[in-house]
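Report on the following structure.
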Amino acid sequence: MTDLTLPSLPFLLSPASPEPLLPRFPSTTALDADEAARVLLLWLDKVGNCPLSADTLQLSLQAARTTSSRLQTRLDALARERSRDDAEAGSHLQALALQLEIALHQGYKRLAMLRDRSGGGWLASSKPRVEALAQALDSAWQLQLYFTRHHAQLPAGFWLDCHQIYAHIAAKNWAQKTAGEPAITLAARYAAILLTGLIASNGMDQASLNAFIPLMQEEARHLQLLAATGELPEEGGFVFSSAGDTPPRFITDWPARKAPGPWWQLDLATLLDSLQARLQALPEPVSQIQLQLLLQLQQNWRHPARRRHRRRRRLESNKLRLLSSLPDCWAALAAEATAAAGEDTGAPELLVVDLSLSGVQLQGEGRLYHIQPGEVILISSKPRHWRCGIVRRINSHDAQTWYGIEYMGKQPQAVEIRPDNSLGTSWQQAIMLKASLRHSGCGLLLMAGRAFNTLRPFIVRHGAQEIAIQATRLLMQNTHYQLFEYKNQ
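My numbering numbers the first residue of the sequence shown as 1118 and each following residue consecutively.
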């Protein structure tokens, strides 16, 4: 089996040298979460540097996984709490939680290599080696999901190791061997990792990710890997090199110079048919999260989104203020409408990295945990000049976070809205946006819930003025809100 990447733990953990013998498993219950994480990381580093048997290493990793899961829960909660006042402190806590996941994955990669090298002769059972490879793939997927939840960049070598582990599995003809409870094939485990790499997971909110995980556990077995022949379907396809450190990428034409192979192509036909069957079988009442997820996966895997506008890199250090969440944005707009001219809404400032006609990318220190993919935001470069948008993706790396934002509309105003001819219906907060040529001169309304129906009449109240409107076309929606066009009646 090819040696996998096993980098040492970063300097932020401790400069202390590991002891020559494996110490007793540390007690972390009486320690603060960050100190307990450091103790466990040092212990895992010692585990990796001690000449242990495979059985001892496996027991050590099982104990560390249980403790690590509890610590990560504590670290995540502390990071969210402290990042409100100190983004750097929150990022440091998140870094410790991520390092725990990396250290555990390193341990399971070591276990797989150790089992392989001590596998015995021709008559020896392959079961211990298969189980160790399954645990290495499970560990990789758990790391991938944990980093995805935190919108963090995967560590270097992650994809190369996954590809090399599966190449070893395929060479042994073990792809269809099962391990664990419930029994899942090694091929299905690898497929789940590949499929998670296909999605724009940095643009998924937590509810969608929670629905995605069990879906992949059930559907990954339908993915098929084909040796790339150099020909692609007319509409393009997802390909990857097992010698590269990258996930599958969608291409329409092969590059003039390809990286070393072998190259593989994903056959998603059976998987997409299964997703379509799930879509048609959704029980009533339909779960909006499940519906949105299935539609998103079908769209992303049949016709991946392509960039619509050229990005312009910003060399000067422009900054934008940012407010998030529909209720907070509405409250800020309503307050500014009645405030004196000199008063202004306080908001964090983020650096403009690049921009296009359809959106902007912002960069900030640390992680603003109250901002999630799918969140409605307001951005502005000067007081009372807000522009409304939606957070499409978030990426965190090395205590820096990038927020990809798509524009919705200009000149937002806080209004109240209720369906016309609906007795007893209370007023609901909404944001009215200026019409644009792209929307045929119609006005735009952004509101929470699922109120939209084509030609449904509404009453909009802005200050003392009330106007009758009619919804005409749904433009955008997620599990939290709808954006639609309207015309005056």
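Beta carbons: idealized from backbone N, C-alpha and C, even for Gly.
**Asked** Exposed or buried, Ala1344, counting other C-beta atoms within 10 Å across all chains shown (16 or more means buried)?
**Response** Against the sequence shown, residue 1344 aligns to sequence position 227. So Ala1344 ends up on the exposed side.
**Request:** In angstroms with no decimal places, state the Cα-to-Cα distance between Gln1599 and Gly1347.
**Result:** Your numbering for residue 1599 matches position 482 in the sequence shown. Your numbering for residue 1347 matches position 230 in the sequence shown. Taking the CA atoms as reference points, Gln1599 sits about 43 Å from Gly1347.
**Item:** Contact belief for Leu1157 with Ser1185 at Cβ below 8 Å, rounded distance in angstroms
**Value:** Numbered from 1 along the sequence shown, position 40 holds the residue referred to as residue 1157. Numbered from 1 along the sequence shown, position 68 holds the residue referred to as residue 1185. Beta-carbon to beta-carbon, Leu1157 and Ser1185 are separated by about 6 Å, close enough to satisfy the 8 Å threshold.
**Prompt:** Tell me the DSSP bridge mates of Arg1590?
**Reply:** Taking the first residue of the sequence shown as 1, we reach residue 1590 at position 473. Bridge partners of Arg1590: Glu1602.
**Asked** Between which two residues does the beta strand (DSSP E) carrying Ile1316 extend?
**Response** The residue labelled residue 1316 in the question sits at position 199 within the sequence shown. Ile1316 -> no beta strand (DSSP E), and no H or E assigned at all.
**Message:** Taking the alpha carbon of His1339 as the reference point, which residue from Gln1382, Arg1484 and Leu1389 has its own alpha carbon closest?
**Reply:** Mapped onto the sequence shown, residue 1339 falls at position 222. Ranking Gln1382, Arg1484 and Leu1389 by Cα distance to His1339 puts Leu1389 first.
**Asked** Out of curiosity, what's the CA-to-CA distance linking Asn1166 and Gln1216?
**Response** Working through the sequence shown from its first residue, we reach residue 1166 at position 49. Working through the sequence shown from its first residue, we reach residue 1216 at position 99. C-alpha separation (whole angstroms): 17 Å.
**Message:** Quick check on Met1321: does DSSP put it in helix, strand or coil?
**Reply:** As a first step, residue 1321 is located in the sequence shown; it is residue number 204 there, counting from the start. When DSSP states are grouped into helix, strand and coil, Met1321 belongs to the coil group.
**Request:** May I ask you to list the residues that DSSP assigns as paired with Thr1302?
**Result:** Your numbering for residue 1302 matches position 185 in the sequence shown. Paired residue(s): Thr1295.
**Request:** Ignore the nearest five residues each way along the sequence and tell me which others in Val1577's own chain have a CB closer than 6 Å to its CB.
**Result:** If you number the sequence shown from 1, residue 1577 lands on position 460. Taken in chain order, the residues that qualify are Val1532, Ile1534, Ile1584 and Ile1586.
**Request:** Have a look at Ala1304 and Ser1325 and give me their C-alpha separation to the nearest angstrom.
**Result:** The residue you call residue 1304 lines up with position 187 of the sequence shown. The residue you call residue 1325 lines up with position 208 of the sequence shown. Cα to Cα, Ala1304 sits roughly 24 Å from Ser1325.
**Item:** Where the beta strand (DSSP E) containing Ser1075 begins and where it ends
**Value:** Not covered by the structure: residue 1075. The range shown for the chain is 1118 to 1606.
**Rounded C-alpha distance that separates Met1593 from Cys1559** = The residue you call residue 1593 lines up with position 476 of the sequence shown. The residue you call residue 1559 lines up with position 442 of the sequence shown. Rounded to the nearest angstrom, the gap between the Cα atoms of Met1593 and Cys1559 is 15 Å.
**Request:** Select from Asn1327, Gly1207, Ala1287 and Ile1301 the residue whose C-alpha is nearest the C-alpha of Thr1313.
**Result:** In the sequence shown, counting from the first residue as 1, residue 1313 sits at position 196. If we check each option's Cα against that of Thr1313, Asn1327 comes out closest.
**Request:** Identify whether Ile1406 lies in helix, strand or coil by the three-state DSSP scheme.
**Result:** Looking up residue 1406 in the sequence shown gives position 289. The answer is helix: DSSP assigns Ile1406 an H, G or I state.
**Prompt:** For Ser1177, does the three-state DSSP call read helix, strand or coil?
**Reply:** Residue mapping note: residue 1177 aligns to position 60 of the sequence shown, counting from 1. Here Ser1177 sits in helix by DSSP.
**Message:** Do Cys1446 and Ile1548 count as a contact pair if the criterion is CB distance below 9 Å?
**Reply:** Mapped onto the sequence shown, residue 1548 falls at position 431. Mapped onto the sequence shown, residue 1446 falls at position 329. Yes. Within cutoff.
**Proximity winner among Gln1546, Asp1537 and Gln1341, relative to Gln1606 (alpha-carbon distances)** = On the sequence shown, residue 1606 is found 489 positions in, with the first residue counted as 1. Ranking the options by Cα distance to Gln1606, first place goes to Asp1537.
**Prompt:** Among Ser1404, Val1403 and Gly1378, which residue has its Cα nearest to the Cα of Thr1363?
**Reply:** Position 246 of the sequence shown, counted from the first residue, corresponds to residue 1363. The residue with the shortest Cα to Cα distance from Thr1363 is Gly1378.
**Item:** Anticipated Cβ contact below 8 Å, Gln1261 with Tyr1225, distance rounded
**Value:** As a first step, residue 1261 must be located in the sequence shown, where it is residue number 144. As a first step, residue 1225 must be located in the sequence shown, where it is residue number 108. About 13 Å separates the CB atoms of Gln1261 and Tyr1225; that is not less than 8 Å, and the two are not in contact.
**Item:** Distance between Gly1481 and Asn1435 (C-alpha atoms, nearest Å)
**Value:** Taking the sequence shown and counting its residues from 1, the one referred to as residue 1435 is at position 318. Taking the sequence shown and counting its residues from 1, the one referred to as residue 1481 is at position 364. Inter-residue distance for Asn1435 and Gly1481 is about 12 Å (C-alpha atoms, whole angstroms).
**7 Å CB neighbourhood of Asp1193 in its chain, flanking five on each side removed** = Within the sequence shown, numbered from 1, the residue matching residue 1193 stands at position 76. Excluding positions up to five away in sequence, the list reads Ala1214.
**Secondary structure of Glu1533, DSSP reduced to three states** = Sequence index remark: in the sequence shown, residue 1533 carries index 416 (1-based). Here DSSP, grouped into helix, strand and coil, assigns Glu1533 to strand.
**Prompt:** Does DSSP put Ala1394 in a helix, a strand or coil?
**Reply:** As a position in the sequence shown, residue 1394 is number 277, starting the count at 1. Correct three-state label for Ala1394: helix.
**Request:** Write down the C-beta distance between Pro1465 and Trp1503 rounded to the nearest angstrom, noting that I regard them as a contact closer than 8 Å.
**Result:** Reading the sequence shown from its first residue, position 348 is the one you call residue 1465. Reading the sequence shown from its first residue, position 386 is the one you call residue 1503. Contact doesn't hold; Cβ gap of about 14 Å is too wide.
**Per-residue DSSP class, three states only, for Thr1369** = By one-based count along the sequence shown, residue 1369 stands at place 252. The answer is coil: DSSP assigns Thr1369 none of H, G, I, E or B.
**Request:** Scan the region 1184–1250 and note each continuous beta strand (DSSP E) run of 3 residues or more that stays entirely inside, going in chain order.
**Result:** Under the rule that a run must span 3 or more residues, no beta strand (DSSP E) segment is found entirely inside the region 1184–1250.
**Request:** Could you check the C-alpha separation between Thr1589 and Leu1572 for me, to the nearest Å?
**Result:** As a working note, residue 1589 is residue 472 in the sequence shown. As a working note, residue 1572 is residue 455 in the sequence shown. Going from the Cα of Thr1589 to the Cα of Leu1572 covers about 5 Å.
**Prompt:** Pick from Met1525, Cys1505 and Gly1483: whose alpha carbon is nearest that of Thr1512?
**Reply:** Locating residue 1512 in the sequence shown gives position 395, counting from the first residue. It is worth fixing the name first, because residue 1512 is Asn in this sequence and not Thr. Comparing Cα positions, the closest option is Gly1483.
**Item:** Other residues of its chain near Asn1595: CB distance less than 7 Å, five sequence neighbours each side excluded
**Value:** Looking up residue 1595 in the sequence shown gives position 478. Contacts found: Gln1409 and Gly1491.
**Message:** Quick check on the DSSP output: the beta strand (DSSP E) that includes Gly1521 runs from which residue to which?
**Reply:** Here residue 1521 is taken as the residue at index 404 of the sequence shown, counted from 1. Counting along the chain, the beta strand (DSSP E) containing Gly1521 begins and ends at Gln1517 to Lys1527.
**Pair within 9 Å by beta-carbon distance, His1487 and Ser1442** = By 1-based counting over the sequence shown, the position of residue 1487 is 370. By 1-based counting over the sequence shown, the position of residue 1442 is 325. Contact flag set, yes.
**Prompt:** Using the beta-carbon count (16 or more within 10 Å), is Gln1397 buried or exposed?
**Reply:** Taking the sequence shown and counting its residues from 1, one reaches residue 1397 at position 280. Exposed.
**Leu1250 vs Ala1229 beta-carbon contact at 9 Å** = As a first step, residue 1250 must be located in the sequence shown, where it is residue number 133. As a first step, residue 1229 must be located in the sequence shown, where it is residue number 112. Contact: yes.
**Message:** Using CA atoms only, rank isn't needed, just tell me which of Ala1568, Phe1575 and Ser1475 is closest to Gly1612.
**Reply:** It is not possible to answer for residue 1612, since the shown part of the chain is limited to 1118 through 1606.
**Message:** On the CB-based measure, 16 or more other CB atoms within 10 Å of its CB, does Pro1365 come out buried or exposed?
**Reply:** By one-based count along the sequence shown, residue 1365 stands at place 248. Result: buried.
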